[in-house]
Amino acid sequence: MEDHRLHLPLDVDNFIIGSIVEEAARRLDGEMLLLPPVPYGFETHHMDLPGTIDLRMENMLNFVLDITRSVAHHGFKRILLADGHGSNMPILDLVARRRNLETDALCAAFIWPSLAKETIEQIRESEKPGGMAHACELETSVYLYLDPARVPMDKAKKEIGISPTPFIWMDLLMSSPAPPDGSLDPL
Ligand SMILES: [Zn+2]
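According to the working numbering, the sequence shown holds residues 18 to 204 in order.
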């Protein structure tokens, strides 16, 4: 739950990943339990902007550890943590590792653009590296596809938060050699 500049709603990260997993569950030829989404994430670096709801990293780690511990306790052997917010990923990776070490469930975490890297690369128009990150071409395009009435494109502006250098940039599909704080949050 965080700002996505002026042209996108606060719920971008929840709405996009929620739509993807609901559609995956609909199409699945088999059984899958889709838990209610965790609506908040690790957002401390967004707190300067109105509307952000921040879970401190330790709280988020323990919260998701407890959810996955419960699911594993009830007998589920495959647990997938579907993420819509980049800064959650290091925390969710740790959750998955702990679950794999401490239970006999197999747990993995992913962030949705990683499922479609080749397709995104083919249709991308943004400069690279550094042109595709938070509130970017990708998030805007997917939101426009899902619910165009909620995206006032007249408020969209071309802005790049960090000017790329040879070693540091923010880009969804290409991590930089020396990622700055926040570069793990391209969504
Ligand atoms: Zn986002």
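Glycine included, C-beta positions come from ideal geometry on N, C-alpha and C. Nothing here was measured: the structure is a model prediction, and the numbers come from that model.
Comparing alpha-carbon positions, the option among Pro196, His151, Tyr162, Tyr160 lying closest to Ile177 turns out to be His151. When the beta-carbon positions are compared, Asp110 and Ala126 come within less than 8 angstroms of each other. The C-beta distance from Met149 to Ile128 rounds to 13 angstroms, too long to meet the 8 angstroms contact threshold. Secondary structure at Ala173: coil, using DSSP grouped into helix, strand and coil. Met64 sits exposed, since fewer than 16 C-beta atoms from the chains shown fall within 10 Å of its C-beta.
Per DSSP, the unbroken beta strand (DSSP E) holding Arg95 starts and ends at 95-100. Sequence-distant Cβ neighbours of Leu72 in its own chain, meaning closer than 8 angstroms and more than five residues away, are Tyr57, Gly58, Phe59, Glu60, Phe80. Going by beta carbons, Leu66 and Lys172 fall outside the 8 angstroms limit.
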